[in-house]
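Numbering (the numbering used here), first residue to last: 3 to 381.
The beta-carbon is built from N, C-alpha and C at its ideal position, and this holds for glycine as well.
Take a look at the structure below.
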Amino acid sequence: MNKVGKNFWLLFLINALIGVLWMAIRFFFAPYLDSLGFSGKEIGWFFGLSSISAILFLLPAGISSDRFTPKNIGLLSSFFLIFINIGFYLFHGFFALSLLFVVFGVFYYSLKNSINTELLKRVKNEYSGKIFGLYNFFNPLLIGLGMILSGFFINKFQFKYVFIIQSVGFLVLFFLLTQLSRLQAMKINLIENINDLKRQNVLVFIFVLGLFASHWGAEDVAYGIFLKKNLGLSSVGMGFYMAGELLFMAITVLIFGNLIENKKTSLEKMFFWGLFLSGLTHILMVVPIVWLSATMRMIHGIGDGIMGLVLFVGLKKFFKIERIGSHSGLTSLIMIFGSFIGQLIYGLIGGNFGFHWPLIISGAISLSLIFFVKIFKEN
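Below is the structure:
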């Protein structure tokens with residue numbers, strides 16, 4: 003079993019706080035933009051801009067995490083996010099919001115990738131299920147609480163005041179990052195980085211995760227609006243609805259984290275069950291019955307929780323520690339690109355045909371990816 007020291011507990015807390023700060027607004031953001039008078043196409047544009055900027059800067063950020071240590075990248079990113087959230091509070095015009103979404107995408111995803119890289123560089127091997135499980139446990143658990151509190155806060159006050167809380171949160175996060183011990187910087191060999199990607203298992207791994215992530219784009223532009231307009235939930239109701247899923251996700255990562263550490267399951271099996279449960283229930287959650295839709299969403303959390311572990315176990319299994327920042331950045335880039343395509347396409351589909359269709363279509367895509375598990379398993 004892997005020892006859980008001070009740096010790991012700090013990373014668990016930092017990762018959870020990052021998740022709370024983003025997810026407390028993520029699904030409320032689209033209804034907020036809708037209330038400001040922006041169309042589904044424009045909402046997709048805003049989220050798409052954050053993804054484009056992340057796509058452009060994530061790989062350089064990942065390489066920098068190897069060269070200059072992930073802690074330094076995290077400190078820089080959290081510092082700028084303090085002021086970006088103040089910008090969201092102050093400005094509400096189309097061009098100002100477009101610019102804010104661009105810089106938000108750069109620094110938020112660089113921050114997230116730097117923390118993931120910090121963890122991956124500290125664990126011993128791909129069977130570090132206890133560490134991966136705890137890392138992914140506190141994140142959804144605190145996110146669920148944050149979403150409920152955010153729902154109450156938004157219901158009582160204007161949404162824009164949430165950005166002030168966000169700024170304070172990133173200031174706290176900056177302080178926590180200063181408490182991490184510093185890892186040694188490593189030399190970069192781009193030829194070796196490229197050679198790592200020539201293995202078929204690696205290509206399948208990245209391809210499947212990229213297409214799977216397209217359902218995040220559907221959630222960004224459609225999930226919150228679906229809950230509000232199709233199911234008729236208030237901000238408080240939305241908070242409880244989404245928190246149920248996250249509770250199931252938290253329990254799932256602890257269970258499967260222990261299973262992978264004790265070698266009682268495999269990466270291939272987790273791939274299958276993650277895609278199957280996530281995809282099927284993304285389709286079934288559109289039923290217009292609140293309790294049944296919420297139940298499907300909870301099971302969806304099991305699938306997404308398993309896929310979260312697949313990401314970390316796969317990265318640790320396939321890549322060497324001295325280059326894991328680069329490859330973590332590349333994998334995140336591919337996943338964000340998938341999410342970006344989803345944001346653009348599903349924003350248009352939701353605005354024209356109804357916000358339940360993005361959830362159905364993206365769920366079907368996740369199910370279709372099960373075919374690639376066989377290719378993955380045979381190599």
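Exercise for review: Report yes if the C-beta distance between Phe-140 and Ala-26 is below 9 Å; otherwise report no.
Suggested key: Translated into the one-based positions of the sequence shown, residue 140 becomes position 138. Translated into the one-based positions of the sequence shown, residue 26 becomes position 24. No.
Can you tell me which of the three DSSP states Thr-71 falls into? Here residue 71 is taken as the residue at index 69 of the sequence shown, counted from 1. Correct three-state label for Thr-71: coil.
Pick out whichever of Gly-234, Ile-167, Leu-78 and Ile-20 has its Cα sitting closest to the Cα of Asn-87.
-> Along the sequence shown, one-based indexing puts residue 87 at 85. Nearest option by C-alpha distance: Ile-167.
Can you tell me the Cα-Cα spacing of Gly-95 and Gly-303, whole angstroms? One-based indexing of the sequence shown puts residue 95 at position 93. One-based indexing of the sequence shown puts residue 303 at position 301. Using only the alpha carbons, I get a separation of about 35 Å.
Apply the 10 Å Cβ neighbour rule to Tyr-137 and answer buried if 16 or more other Cβ atoms are within range, or exposed otherwise.
Stepping through the sequence shown from its first residue, residue 137 is reached at position 135. So Tyr-137 ends up on the buried side.
- Report, in whole angstroms, the separation of the C-beta atoms of Ile-84 and Ser-169, which I expect to be a contact under 8 Å. Stepping through the sequence shown from its first residue, residue 84 is reached at position 82. Stepping through the sequence shown from its first residue, residue 169 is reached at position 167. About 5 Å; that satisfies the 8 Å criterion.
| field | Exposed unless 16 or more other CB atoms sit within 10 angstroms - verdict on Lys-132 | value | Counting from 1 along the sequence shown, the entry for residue 132 is found at position 130. Lys-132 comes out buried.
- prompt: Helix, strand or coil for His-217 per DSSP?
  reply: Taking the first residue of the sequence shown as 1, we reach residue 217 at position 215. In the structure shown, His-217 sits in a helix (DSSP, three-state: H, G or I).
To the nearest angstrom, report how far apart Ile-377 and Val-255 are at their CA atoms.
Taking the first residue of the sequence shown as 1, we reach residue 377 at position 375. Taking the first residue of the sequence shown as 1, we reach residue 255 at position 253. Going from the Cα of Ile-377 to the Cα of Val-255 covers about 25 Å.
Item to check | Local conformation of Leu-182 per DSSP, three classes | outcome: Taking the first residue of the sequence shown as position 1, residue 182 is located at position 180. In this structure, Leu-182 counts as coil in the three-state DSSP scheme.
Worksheet entry | Buried versus exposed, by CB contacts within 10 Å (16 or more), Arg-184 | In the sequence shown, residue 184 corresponds to position 182, counting from 1. With fewer than 16 other Cβ atoms within 10 Å, it is exposed.
Tell me, please, whether the segment 265–279 touches the segment 314–333 by the rule of three or more beta-carbon pairs shorter than 8 Å.
yes
Review point. Exposed or buried, what is Leu-235 when buried is set at 16 or more other beta-carbons lying within 10 Å of its beta-carbon?
Key: Residue numbering aside, residue 235 sits at position 233 when the sequence shown is read from its first letter. Leu-235 should be labelled buried.
- Query: Any contact of the segment 354–361 with the segment 47–54, i.e. 3+ C-beta pairs under 8 Å?
  - Reply: no
| said: Given this structure, state the Cα-to-Cα distance separating Phe-10 from Gly-353, to the nearest angstrom. | reply: In the sequence shown, counting from the first residue as 1, residue 10 sits at position 8. In the sequence shown, counting from the first residue as 1, residue 353 sits at position 351. Near 43 Å, if we compare the C-alpha coordinates of Gly-353 and Phe-10.
When the Cα atoms are used, what is the spatial distance from Glu-44 to Leu-58? What you label residue 44 is simply residue 42 of the sequence shown in a count that begins at 1. What you label residue 58 is simply residue 56 of the sequence shown in a count that begins at 1. If I take the Cα positions, the gap works out to 21 Å.
* Three-way DSSP call (helix, strand, coil) for Thr-267 in this model -> Counting from one through the sequence shown, the residue named residue 267 turns up at place 265. In this structure, Thr-267 counts as coil in the three-state DSSP scheme.
Suppose you measure from the CA of Tyr-243 to the CA of Asp-306; what does that come to, to the nearest Å? By 1-based counting over the sequence shown, the position of residue 243 is 241. By 1-based counting over the sequence shown, the position of residue 306 is 304. Cα to Cα, Tyr-243 sits roughly 16 Å from Asp-306.
- State yes or no: is the C-beta of Ile-382 within less than 9 Å of the C-beta of Leu-332? The chain is shown only over 3 to 381; residue 382 falls outside these bounds and no answer can be derived.
Fill in: For Gly-281, the nearest candidate out of Val-105, Ser-368, Leu-60 and Phe-81 (CA to CA)
Taking the sequence shown and counting its residues from 1, the one referred to as residue 281 is at position 279. Selected option, being the one with the closest Cα: Ser-368.
Could you pull out every residue in the same chain whose Cβ sits closer than 7 Å to the Cβ of Leu-229, ignoring the five residues on either side in sequence?
-> Within the sequence shown, numbered from 1, the residue matching residue 229 stands at position 227. Taken in chain order, the residues that qualify are Leu-235, Met-240 and Tyr-243.
Discussion item. Starting from His-302, trace the alpha helix (DSSP H) in both directions and tell me its first and last residue.
Written reply: Position 300 of the sequence shown holds residue 302. Here the alpha helix (DSSP H) through His-302 covers 292–320.
Point to revise | Counted within 10 angstroms of its Cβ, other Cβ atoms place Met-3 as buried (16 or more) or exposed | key: Position 1 of the sequence shown, counted from the first residue, corresponds to residue 3. Because Met-3 sits at a pLDDT of 43, beneath the cut-off of 50, its placement in the model cannot be relied upon, and the following sentence gives the value as read from the coordinates. Exposed, by the Cβ-count rule.
Check: Using the beta-carbon count (16 or more within 10 Å), is Ala-245 buried or exposed?
Finding: In the sequence shown, residue 245 corresponds to position 243, counting from 1. Answer is buried; the Cβ neighbour count reaches 16.
For Phe-250, count the other beta carbons within 10 Å of its own beta carbon; 16 or more makes it buried, fewer makes it exposed. Which is it?
For the purposes of this step, residue 250 is identified with residue 248 of the sequence shown, where counting begins at 1. The residue is buried, with at least 16 neighbouring Cβ atoms inside 10 Å.
Return the residue from the list Gly-148, Val-206, Ile-323 and Val-289 that minimises the CA-CA distance to Ser-237. Counting from 1 along the sequence shown, the entry for residue 237 is found at position 235. Of Gly-148, Val-206, Ile-323 and Val-289, the residue nearest in Cα terms is Gly-148.
In or out: Ala-98 buried (at least 16 other Cβ within 10 Å) or exposed?
Start at 1 with the first residue of the sequence shown, and residue 98 comes out as number 96. Under this definition Ala-98 is an exposed residue.
Notebook entry, point to check: With a Cβ-Cβ cutoff of 9 Å, do Ser-100 and Phe-159 count as a contact?
Noted result: On the sequence shown, position 98 is the one that residue 100 refers to. On the sequence shown, position 157 is the one that residue 159 refers to. No, the pair does not count as a contact, with Cβ atoms beyond the cut-off.
Expressed to the nearest angstrom, what Euclidean distance is found between the alpha-carbon atoms of Ile-150 and Arg-28? Taking the first residue of the sequence shown as 1, we reach residue 150 at position 148. Taking the first residue of the sequence shown as 1, we reach residue 28 at position 26. Going from the Cα of Ile-150 to the Cα of Arg-28 covers about 13 Å.
message: So for Phe-93, helix, strand or coil by DSSP?
response: Locating residue 93 in the sequence shown gives position 91, counting from the first residue. DSSP places Phe-93 in coil when its eight states are reduced to three.
Exposed unless 16 or more other CB atoms sit within 10 angstroms - verdict on Gln-202:
Sequence index remark: in the sequence shown, residue 202 carries index 200 (1-based). Burial call: exposed.
Quick check on the burial criterion: 16 or more other C-beta atoms within 10 angstroms. Buried or exposed for Leu-175? In the sequence shown, residue 175 corresponds to position 173, counting from 1. Under this definition Leu-175 is a buried residue.
Q) For Phe-109 versus Lys-162, is the C-beta spacing smaller than 9 Å? A) Mapped onto the sequence shown, residue 109 falls at position 107. Mapped onto the sequence shown, residue 162 falls at position 160. Contact flag unset, no.
- So, helix, strand or coil for Gln-160, using DSSP? Numbered from 1 along the sequence shown, position 158 holds the residue referred to as residue 160. Three-state result, Gln-160: coil.
Continuous alpha helix (DSSP H) stretch holding Ser-130: start and end = Within the sequence shown, residue 130 is the residue found at index 128, counting from 1. Unbroken run through Ser-130: none, as it is neither H nor E.
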